[in-house]
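From first to last, the protein sequence lines are chains E and Z. Per our numbering, the first sequence starts with residue 1, numbered consecutively. Per our numbering, the second sequence starts with residue 1001, numbered consecutively.
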Amino acid sequence: MAMSSGQSIRDLIKEKKAKNSSGRLVEKAVPVILLLTAIVSVLTTLGILYTLIVETVIFFSQVPFMEFITKTEWLPFASGDENKVYGISALVSGTLLVTVIATIVAVPFGLGAAIYLSEYASDRVRRIVKPILEILAGIPTIVYGFFALTFVTPLLQKLIPDLPFFNALSPGIVVGIMIIPMIASLSDDAMSSVPNAIREGALAMGATKFELAIKIILPAAISGIVASFVLGISRAIGETMIVTLAGGSNPNFTFNPTETIQTMTSYIVQASTGDAGFGTTQYYSIYAVGMTLFVFTLIMNILAQYISRRFREEY
Amino acid sequence: MKLVDQAQVEKKMGSRLINNQIFKTIFLIATLFSLVVLGILMYRIFTQGYEFLSADFFNNFASRRPSNAGIKAAFIGTLWVMGVTIPVALIFGVGTAIYLEEYAKKNKFTRFIQMNISNLAGVPSIVFGLLGLTIFVRYFELGRSIMAAGFTMALLILPVIVVASQESIRAVPGQLREASFGMGATKWQTIYRVVLPTAIPGILTGSILAFSRAVGETAPLIVVGAFAYVNYLPDGLLSTFTVMPIQIYNWASRPQTDFHDLAAAGIIILFIILIVMNTVAVLIRNKFSKRY
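Have a look at this one:
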C-alpha cells in the first residue's frame, strides 16, 4: 500500500479500521443471507404441503372422504350436483395401468442397456451411447406425447384394429421409452461401481461375461438397480403430458390397456385448462388429486432411498 | 481326487459360450432400441414440420388457420418466463449450495435441508404447478402472469441447480482455500474470489441443463395458467402469456393433421433452442475444465 506523504500513520490506521469493520459486517451478513436462500427450499416443501393440505381439506368438507376412496367413478363435470361422483380409484387405475405398461417396457430395455454398457461395451461405444441416452433423457415430455399421439397410436391401431384413438397402451409404451435412459444410466452407475477385482476374480475362475454379469455383478449392484426401477416408476406416476395427449380424458376404472382412460395428472391438466372455475368443488378436487399423486410419488421416492441404503453392498 | 471334471467342463463350454453370445446380442439390441426410437422420433418430426418452417412461422401469432399460424407469441413468452426463472433460480440455487458446502455445520438441520432438496427433486412437476397456482397466482395476487410462471419454474429446477453447484463447489481443492486463508483473506473473500471463480464452469454447466429442462416443461405452466391462444406480445412481468411447449400442446391436441404439422414445426424450434443450450453447456465444460 502506498503511503501518501500528507497522511500520518494514525490516519492510515483509522482508515484500515473503518475498512475492516465494514468487512466484518459483510463477513457476518453473508452467512445469514445464504442461510435465507437455503431456507427457500424448505419453504417450497412447506408450501407444497400447505397448499395441498389446505385445499384438500376444503374439498373433503364438500365431498365425503369415504366416497373419494370407495367409489369407482370420477364424474366431476356431470350435470346436476347429485350426479357428480368423486371416486379417485377411477383415476388411480388409469395411472397404475400406464405405470405398469411403462415398467414392462422400461425395465428389460433399461436393464439390458445397462448390462451391455457396463459389462460388454468398449470405452468407445460407451462414449458414443451415453451422450445419446442423455439426449433422450433431455427431450421434453410434450415431444414424447406428440410422438405417442402421431406415431405410436396409429402404429398400434394397425396391429390392434379396434383400438380407440385414445388408449392406455400407447402412452404407457412411450412413458416406458421415456424412463429407459434413467433406468439405464442409474443401473449402469450401480454396476460400474462394483470393483474390478471382483470381475477379474470371476473371469479368472472361467466365468463367461454373461455368467459374470448375471451371477456376480447383478446381485452385487441389486440395491442400486432396484432403486433405479422405483425411481423410474415414480417418474411414470407423475408423468403428465404424454398421458394427457395420448391417454384421453375418460376416467375409467379398468385394467384393460386398450381402453380410453384418464390419469391423475391428466385430470389436473383437464380441470386447470378452464373446466373448473375458482371456488367450485371441481377446483378443489385438483388439489385432492394432486395430494394423492404426491403421496404416491413420495412413498416411491422414500422406498428408493430406503432400498439403496438398506441393501447396499459395501466394498 | 479331481476337483474339476475336465470332460464335464469341456462338454458344457460350448453352450456356455453360445449363451454368452446370445445374451450379448440381446443386451446390444436393448441398447440399440433407444437409439432407434430416437432416430424415428427425430425423422418423423423433421419430415412433418419442415414445410411450416419459414419466416412467417416466426412472425405470425396463433391463428385458427394453420397456414397463418406462427409461434411468435410463444417464443417471446418463453424468453420472458426464462428471464424471470434464470436469475431467481441461480441466486437461490447457488446461494443454497454455498451455504451448505462452505458455512453449514454438519448437524441435523443441515441434513434436513439436504434431504429436503433431494426429496423435492422427486416431486412431480405438476404438483409444483399446484403450488404456483395457490401461492403465486392467488396469495401473492400475481395472477396468471409471467412472474408467477417464472417463480414456479425457478422452484421446480432449484434442486437440480443446488445439487450441480454443490458438486462443483466440493470439487474445488482444499489447498486453494488454505492458500487464500494463508494470504490473510477472510472466509467470504475466499469464497467470492477463489472458490466461486473455480467452481463457476461446473455451476453453469449444471444450471444450463436445468434451464433447458425448464424451457421444455409444460405441465406446471398449464396449471399456473398460461393461455393457449395468445395473439399479442407480453408487455411486462404481470402480463398473461403463453410458452412454446404449451403452444405445441395446443396444436398437437387438435384433430386436424395440419395442426399436427405445425406442432412438429414448433418442436423443431424447441429442439434448436435445446441444442444451442446444451452445446453451450458442453463448451463451457470443455473450455474451463481444469484439473488441480
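Don't be surprised by glycine CBs; every beta carbon is placed ideally from N, CA and C. Remember, it's a predicted structure, so these values are computed and weren't measured experimentally.
Who are the neighbours of residue i on chain Z, taking C-beta pairs under 9 Å?
i: residue 47 (chain E); result: 1131, 1134, 1135, 1155
i: residue 132 (chain E); result: 1034, 1035, 1038
i: residue 147 (chain E); result: 1037, 1040, 1041, 1044, 1045
In chain Z, which residues lie with their C-beta within 8 Å of the C-beta of residue i?
i: residue 177 (chain E); result: 1034, 1037
i: residue 238 (chain E); result: 1123, 1124, 1125, 1126, 1127
i: residue 113 (chain E); result: 1027, 1030, 1031, 1033, 1034
i: residue 281 (chain E); result: The contacting residues do not exist; residue 281 (chain E) stays about 16 Å from chain Z at best.
i: residue 361 (chain E); result: What the structure shows of chain E is the stretch from 1 to 315, and residue 361 (chain E) is not part of that stretch, so it cannot be assessed.
i: residue 180 (chain E); result: 1033, 1034
In chain E, which residues lie with their C-beta within 9 Å of the C-beta of residue i?
i: residue 967 (chain Z); result: The requested residue 967 (chain Z) does not occur in the structure, where chain Z is confined to residues 1001 to 1292.
i: residue 1294 (chain Z); result: This structure does not reach residue 1294 (chain Z), given that chain Z is present from 1001 up to 1292, and the question cannot be answered.
i: residue 1162 (chain Z); result: 38, 41
Let me know the secondary structure DSSP gives residue i once reduced to three states.
i: residue 52 (chain E); result: helix
i: residue 218 (chain E); result: helix
i: residue 1297 (chain Z); result: Within the shown structure, residues of chain Z are numbered from 1001 to 1292, placing residue 1297 (chain Z) beyond reach of any answer.
i: residue 194 (chain E); result: coil
i: residue 249 (chain E); result: coil
i: residue 157 (chain E); result: helix
i: residue 1269 (chain Z); result: helix
i: residue 1062 (chain Z); result: coil
i: residue 308 (chain E); result: helix
i: residue 285 (chain E); result: helix
i: residue 1 (chain E); result: Residue confidence for residue 1 (chain E) is low, a pLDDT of 48 falling below 50, so the modelled location carries little weight; the figure read from the coordinates is stated next. It is coil, neither helix nor strand.
i: residue 1142 (chain Z); result: coil
i: residue 258 (chain E); result: coil
i: residue 43 (chain E); result: helix
i: residue 1057 (chain Z); result: helix
i: residue 1005 (chain Z); result: coil
i: residue 205 (chain E); result: coil
i: residue 1183 (chain Z); result: coil
i: residue 1237 (chain Z); result: coil
i: residue 1051 (chain Z); result: helix
i: residue 1288 (chain Z); result: helix
i: residue 1242 (chain Z); result: coil
i: residue 168 (chain E); result: coil
i: residue 1231 (chain Z); result: coil
i: residue 1221 (chain Z); result: helix
i: residue 1254 (chain Z); result: coil
i: residue 163 (chain E); result: coil
i: residue 278 (chain E); result: coil
i: residue 174 (chain E); result: helix
i: residue 1282 (chain Z); result: helix
Can you check DSSP and say which residues form a bridge with residue i?
i: residue 85 (chain E); result: E:75
Whose Cβ in chain E lies nearer than 7 Å to the Cβ of residue i?
i: residue 1103 (chain Z); result: 31, 34
i: residue 1092 (chain Z); result: 37, 40
i: residue 1245 (chain Z); result: 140, 142
i: residue 1253 (chain Z); result: 245
Residue i versus chain Z: which residues are under 7 Å apart at the beta carbon?
i: residue 284 (chain E); result: Those within 7 Å of residue 284 (chain E) in chain Z number zero; the least Cβ separation is about 11 Å.
i: residue 98 (chain E); result: Neighbours of residue 98 (chain E) on chain Z: none; closest Cβ ~13 Å, over 7 Å.
i: residue 241 (chain E); result: 1218, 1219, 1249
i: residue 268 (chain E); result: 1126, 1223
i: residue 55 (chain E); result: 1134
i: residue 167 (chain E); result: Within chain Z, no residue comes near residue 167 (chain E); the closest Cβ sits about 16 Å away, beyond 7 Å.
Output yes if chain C places a C-beta closer than 9 Å to the C-beta of residue i; else output no.
i: residue 1166 (chain Z); result: In the structure shown, chain C cannot be found, because the protein chains are E and Z.
Closer than 8 Å by beta-carbon distance: list the chain E residues that pair up with residue i, in chain order.
i: residue 1108 (chain Z); result: Within chain E, no residue comes near residue 1108 (chain Z); the closest Cβ sits about 13 Å away, beyond 8 Å.
i: residue 1024 (chain Z); result: 116, 120, 209, 210
i: residue 1055 (chain Z); result: None at all; the shortest Cβ gap to chain E is about 24 Å.
i: residue 1098 (chain Z); result: 34
Could you check if residue i belongs to the surroundings of the ligand MG, using beta carbon to heavy atom distance under 8 Å?
i: residue 1268 (chain Z); result: Annotation note on the ligand MG: not contained in the displayed structure, which lists no ligands.
Inset, instruction - Decide yes or no for the touch test of the region 1220-1238 of chain Z against the region 1126-1142 of chain Z: beta carbon pairs closer than 8 Å, at least 3 of them. - result: yes
Inset, instruction - Assess, as a yes-or-no matter, whether the region 244-263 of chain E is touched by the region 1106-1119 of chain Z under the definition of 3 or more beta carbon pairs within less than 8 Å. - result: no
Legend entry - At least three beta-carbon pairs within less than 8 Å, the region 1267-1280 of chain Z to the region 135-148 of chain E: yes
Legend entry - At least 3 beta-carbon pairs within less than 8 Å: the region 1184-1202 of chain Z vs the region 64-83 of chain E: no
Legend entry - Inside the region 1077-1136 of chain Z only - alpha helix (DSSP H) runs reaching at least 4 residues: Within the region 1077-1136 of chain Z, the complete alpha helix (DSSP H) segments at least 4 residues long are 1108-1120, 1125-1132, listed from N- to C-terminus.
Legend entry - Three CB pairs or more closer than 8 Å across the region 1241-1258 of chain Z and the region 1076-1084 of chain Z: yes
Legend entry - Stretch pair the region 1252-1262 of chain Z + the region 1158-1170 of chain Z: three plus CB contacts closer than 8 Å: no
Legend entry - Cβ pair count under 8 Å reaching 3, the region 1116-1124 of chain Z against the region 1049-1064 of chain Z: Verdict: no, contact absent.
Legend entry - Whole runs of the beta strand (DSSP E) within the region 83-133 of chain E, excluding any shorter than 3 residues: none
Inset, instruction - Check whether the region 173-184 of chain E touches the region 76-83 of chain E, taking contact to mean three or more Cβ pairs, one atom from each stretch, closer than 8 Å. - result: no
Inset, instruction - For the region 200-209 of chain E and the region 287-300 of chain E, state whether three or more C-beta atom pairs, one from each stretch, are separated by less than 8 Å. - result: By the criterion of at least three beta-carbon pairs nearer than 8 Å, the region 200-209 of chain E is not in contact with the region 287-300 of chain E.
Inset, instruction - State whether the region 210-219 of chain E contacts the region 117-133 of chain E, with contact taken as three or more CB pairs (one from each stretch) at a distance under 8 Å. - result: yes
Legend entry - the region 130-141 of chain E / the region 1033-1043 of chain Z touching (three or more Cβ pairs under 8 Å): Pairwise C-beta distances place the region 130-141 of chain E in contact with the region 1033-1043 of chain Z, as three or more of them are shorter than 8 Å.
Inset, instruction - Decide yes or no for the touch test of the region 1087-1103 of chain Z against the region 94-110 of chain E: beta carbon pairs closer than 8 Å, at least 3 of them. - result: Output reads no: the region 94-110 of chain E does not touch the region 1087-1103 of chain Z.
Legend entry - the region 50-64 of chain E contacting the region 1171-1181 of chain Z, beta-carbon criterion three pairs below 8 Å: The region 50-64 of chain E vs the region 1171-1181 of chain Z: no contact.
Legend entry - Inter-stretch contact at 8 Å, needing at least 3 Cβ pairs: the region 1155-1162 of chain Z / the region 1202-1221 of chain Z: Cβ pair count under 8 Å is three or more, so yes.
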